[in-house]
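The numbering of the sequence shown is our numbering, which starts it at 1306 and goes up by one.
Don't be surprised by glycine CBs; every beta carbon is placed ideally from N, CA and C.
To keep things clear, I will list the structure first and then write my remarks on it.
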Amino acid sequence: MSADGPRLRVAALVIRDDRVLLVRHVKDGETRWLLPGGGVDRGETLADALHRELREETGLQVAPGPLVSFEEAVSPDGARHVVQLVFRAEILSGAPRATGDDARVAEAVFVPVAELPNLRLHLCAAGRLAELAREKESPGIPGAGNLWKP
């Protein structure tokens, strides 16, 4: 784990007709599938980070919804520690595509929930992701948003 502590990552769960929006990352010759999203910059709200990351990775404008899950991943050597917050999101405009803003993103596509177990997923478990995709009316995990007052 770095001296700065865990890296905070936001991700969007976008569902369309029993399909989940995923991005295919290719890094160091390895392919992994992830929910679209990325790191939260200092001074950035979670919603702002989600907007930015979805625009950068998929070209989509989204409306963030409720927090539906969180995951933690620590590499075996302890060098990487990620805490991921997953928000349900709705597409406001655009069609998913790899924008080229992040060279690791080879494509952004909707994948049938039934195919999730066949993919090499990163930072999410296929079973949990399928469960979240089927919970269309989940109220999510309560949160209060940005509580800092001037």
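In the DSSP annotation of this structure, the continuous segment of the beta strand (DSSP E) that includes L1372 starts and ends at 1366-1379.
Rounded to the nearest whole angstrom, the CA to CA distance from A1368 to D1323 is 19 Å. A1317 sits buried, since 16 or more C-beta atoms from the chains shown fall within 10 Å of its C-beta.
Between A1413 and P1422, the CB-CB gap reaches or exceeds 9 Å. The C-beta of V1319 has 16 or more other C-beta atoms within 10 Å across all chains shown, which makes the residue buried. Around L1428, the same chain offers R1314, A1316, L1339, L1340, E1376, A1378, V1387, Q1389 as residues with beta carbons nearer than 8 Å, after the five sequence neighbours per side are excluded.
V1328 is classed as buried because its beta carbon has at least 16 other beta carbons within 10 Å across all chains shown.
In the DSSP assignment, W1338 is bridged to R1329, L1426.
For R1357, the enclosing alpha helix (DSSP H) covers residues 1351-1363. Per the C-alpha coordinates, the member of R1337, G1348, V1373 positioned closest to A1394 is V1373. DSSP, read as helix, strand or coil, puts R1433 in helix. As the crow flies, the alpha-carbon of G1399 is around 9 Å from that of T1363.
Here V1391 is buried, its C-beta having at least 16 other C-beta atoms within 10 Å.
For E1412, the enclosing beta strand (DSSP E) stretches over residues 1410-1417.
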